[in-house]
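If you read the sequences in order, they're chains A, B and C. Note that our numbering has the first sequence beginning at 1, numbered continuously upward. Note that our numbering has the second sequence beginning at 1, numbered continuously upward. Note that our numbering has the third sequence beginning at 1, numbered continuously upward. See below for the structure under consideration.
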Amino acid sequence: MDFSFVQNYLPMYAQAALLTVRIGCFGILAAVLVGIICSMILYFKIPVLQAVATVYIELSRNTPLLVQLFFLYFGLPKIGVRISAEGCAVIGLAFLGGSYMTEAFRSGLESIDRIQTESAGSLGMNAGQTMRYVIFPQALAISVPALVANVIFLIKETSVVSAIALADLMYVAKDLIGLYYQTKEALIMLVAFYLILLLPVSVIGTLVERRLRYAGFGA
Amino acid sequence: MEEKIQLQTRDLVKKYGDDTILNGIDLKVRKGEVVVLLGPSGCGKSTLLRCLNGLETVDSGEVLLDGEPITAHGKNMSQMRQKIGMVFQSYDLFPHKTILGNVILAPVKVQHRSRQDAEAEAEVLLRRVGLWEKRGAWPRQLSGGQKQRVAIARALMMHPEVMLFDEVTAALDPEMVREVLDVMIELAGQGMTMVIVTHEMQFARAVADRILFLDQGRFVEEASPEQFFTQPKSQRAKAFLKTFTFDRCATTENSVVI
Amino acid sequence: MQDSGLSILFMGSNFLRLLQGLWVTLQLSLISVAVSLPLGIAFGMFMTLKHPAARIISRLILDFVRIMPQLVLLFILYFGVAHAFGWNLSAYASAVAMLVIWGTAEMGDLVRGALISIPRHQYESAAALGMTGRQTFLEVILPQTVQRLLPPAINLVTRMIKTTSIVVLIGIVEVLKTGQQIIDANRLQFPSAALWIYGVIFFLYFLVCWPVSLLAKRLERRMN
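Right, dumping it as structure tokens:
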């Protein structure tokens, strides 16, 4: 193991990891937003929008992120839509993750008993208030395990953004392997950085899930 | 009687597909009156109660509160519902809120009352149902009877003019039925207008000012509790009451007919 | 209008070439699915063993494989194995190895989850009827497990097909790479080729994965 090599290139990896985190954060936030909007459209069965959301979900779930990115980054400029590589990555992640987040929220919403809606209604709450104060908070708690799984999935998916010339962890590792043949060090650092990014999310997710599953409200 | 009609239905019809659940219901409930709806299961009494609160849309006819029509999906739905409290058979507390949280949620968010004001009233009501000590507990930590008492307090927080009770003791263990019914009897004593669907005949007899007997979506008989339980007029009411007495005979005399 | 449109697709053998590229993608996916599903079943059953060492080791392998991006696994196999052991795995072999390892881990986790989700009283009531352990497993547990397993296992197939797209990054000539070649070759004549070619590839993936997703959804619905 060449430690001076590791030391020299550590900052490069750290910077790349930061890029992954940045794309991941914005992408996941946007995906959650898309998920909330789509799950509400499906829950309230809003005409027209419901059909749009369904088509979007099927397109998003049945195509790979890499192909989505190629289309956004190389394809769209041909009709005058130019988006920066980082913008493409965030949009791609939101497009992909939105459908997964929708599914997470949707199953949470569906698991709430009808009586909750009715008793909120009999207390004089309108549909919006019922959703905001009664249904959504409960659905959110039920969705947490699925949301955490989606967060991990989406951070993992960011690994393909090197294909549109973003200097993320994969890009740096590939670069170093190509330039210096320090394959072992480059790969170990790559794995280590992904573990640093993903393990905490996974551990927190497991803890939260356990707490929710065995205790629920009022532990 | 001269007292004013508070809740009224006019020729109410409700269908599920081809089944007519309610077939021309004319109901009048006076202010401060306690009306108990009785009838065999599937007779439409729960559906009627849900129509009174706009939880079910009606196919024809109308429901009037203080002479004003309640129309489902109307603009005034939320306002109307605040005047009609309802307690359901299954425990319908919000599991993500504490007992206090459950009771003050709607007053704060719907009626925009101050938290302080809501909590002060919650204390009065929760004390009345004997659960102020449990204010910090979560619904899942309460027994079924306690949950139903909280549900009653929660409905009362909105200062309803009428309270609807839909078989509120049906899902309870027998030893918890009493504590809930006691709260309801106390409420009736204070002059609350109430419409009750129940299977507890003794309770119905004790609490009701008037019994309405429903069968196949129609009112078959209307009587004072005394009269209904001792001298029912209609054949169907007699048959209905017999199902309860037969139970008793079968168990006490232990006679097996060949 | 000579530039825009899908005309590039119908020039020469372009569309055929794309389909050939798609076939490479599908071949990779199908081989990997065929190998990893049975391996995953074995691995999943292995993970339910009570033996502590077996559980810890399988857990560690599973967690590592499932938490790493598939592209990292691919890099480890393609660059790392050659470096560490001197075996020069071809890009194709690395891709198959990655998909099989990842697919086995995912399938194993599904199998394990399905097995432990069968309630204890199913084992107990089978035992109470005098069934042997083997009979209990074959007659009672397995049919229920398969029923629960089928929808997520079929979903895993679509996930594997989608994951196959990343092999382009180690230079395998599959559908995306073919697309790139067509775009490059027609750069001057068809400047907007990228839009159409990548759009078509997007829909090709959709056309392949969608029916499989629908099948999974239908099975899931039938179960409920």
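Using N, Cα and C, we set each Cβ at its ideal position, and we do this for glycine too.
Residues bridged to residue i by DSSP?
i      : result
C:P143 : Answer is none; C:P143 lacks a bridge partner.
B:E68  : B:L65
B:Q8   : B:K28, B:L64
A:I152 : Its beta-bridge partners do not exist; DSSP assigns none.
B:D166 : B:V197
B:D19  : B:Y16
Measure from the C-beta of residue i to each C-beta in chain A and report whether the shortest distance is under 8 Å.
i      : result
B:P282 : Because chain B is modelled from 1 through 258, residue 282 of chain B falls outside the range shown and cannot be assessed.
C:F43  : no
C:M68  : yes
B:D92  : yes
C:W23  : no
C:L150 : no
C:V72  : yes
C:Y92  : no
B:P225 : no
B:K14  : no
C:Y123 : no
C:F75  : yes
C:G238 : The structure shown does not extend to residue 238 of chain C, since chain C is modelled only from 1 through 224, so no value can be given for it.
Is there a C-beta anywhere in chain B that falls below 8 Å from the one on residue i?
i      : result
A:A141 : yes
A:M84  : Residue 84 of chain A is actually Ser in this sequence, not Met. Chain B contact via Cβ: absent.
A:N62  : no
A:Q138 : yes
A:I177 : no
A:G124 : yes
A:V134 : yes
Might you give, ordered along the chain, the residues of its own chain that have their beta carbon closer than 6 Å to the beta carbon of residue i, omitting 5 neighbours on each side?
i      : result
C:L204 : L22
A:Y43  : L109
C:G44  : G108, V111, R112
C:I41  : V111
B:P107 : R113, A118, M157
B:K28  : I5, Q8
A:K184 : none
A:V148 : G205
Grab the span of the beta strand (DSSP E) containing residue i for me, first residue to last.
i      : result
B:R218 : 218-223
B:G85  : 84-87
B:L38  : 34-38
Where do the N-terminal and C-terminal ends of the alpha helix (DSSP H) with residue i fall, by residue?
i      : result
A:L33  : 3-43
B:R210 : First-last for B:R210: 210-215, but that is the beta strand (DSSP E), not the alpha helix (DSSP H).
B:S90  : Counting along the chain, B:S90 falls outside any alpha helix (DSSP H), and DSSP gives it neither H nor E.
C:T178 : 175-185
C:C209 : 193-223
C:P119 : Taken as a continuous stretch (DSSP letters only), C:P119 belongs to no alpha helix (DSSP H), as it is neither H nor E.
B:R113 : Counting along the chain, B:R113 falls outside any alpha helix (DSSP H), and DSSP gives it neither H nor E.
B:Q148 : 144-156
A:D113 : Here A:D113 belongs to no alpha helix (DSSP H), and DSSP marks it neither H nor E.
C:W87  : Run containing C:W87: none; DSSP gives neither H nor E here.
C:I41  : 14-47
Can you confirm whether residue i, when its beta carbon is compared against all beta carbons of chain C, has any partner nearer than 8 Å?
i      : result
A:A14  : no
A:P200 : no
A:S39  : no
A:A219 : With a pLDDT of 46 at A:A219, under the threshold of 50, the predicted position of this residue should be treated as unreliable, though the coordinate-derived value follows. Cβ-Cβ to chain C under 8 Å: no for A:A219.
A:E110 : no
A:V67  : yes
A:I91  : no
A:V191 : yes
Can you find the residues in the same chain that come closer than 7 Å, C-beta to C-beta, to residue i, ignoring five residues on each side of it along the sequence?
i     : result
C:R17 : T178, I182
B:R81 : N53, G54
B:K31 : E3, K4, Q6, T193
To which residues of the same chain is residue i closer than 8 Å at the C-beta, ignoring the five residues directly before and after it?
i      : result
B:K147 : Y91, L93, P139
A:S143 : A104, F105, S107, G108
B:S60  : D11, L12, V13
Nearer than 7 Å: is that true of the beta carbon of residue i relative to any heavy atom of the ligand ADP?
i     : result
C:F10 : This structure lacks the ligand ADP; in fact it carries no ligand of any kind.
Determine, using beta-carbon pairs with one atom in the region 65-73 of chain C and one in the region 96-110 of chain C, whether at least three such pairs fall under 8 Å. The region 65-73 of chain C is in contact with the region 96-110 of chain C.
When you compare the region 132-151 of chain C with the region 132-144 of chain A, are there three or more beta-carbon pairs, one atom per stretch, that lie closer than 8 Å? no
Three or more beta-carbon pairs under 8 Å between the region 149-167 of chain C and the region 63-70 of chain A, yes or no? yes
Does the region 72-89 of chain A come within contact of the region 192-201 of chain C, defined as at least 3 CB pairs closer than 8 Å? yes
Meets three-Cβ-pair contact criterion under 8 Å: the region 178-185 of chain B and the region 148-167 of chain B: yes
Between the region 10-21 of chain B and the region 167-174 of chain A, can you find at least three pairs of beta-carbon atoms closer than 8 Å? no
Three CB pairs or more closer than 8 Å across the region 113-129 of chain A and the region 92-104 of chain A: no
Would you check if there are 3 or more beta carbon pairs closer than 8 Å linking the region 152-160 of chain C to the region 209-216 of chain C? yes
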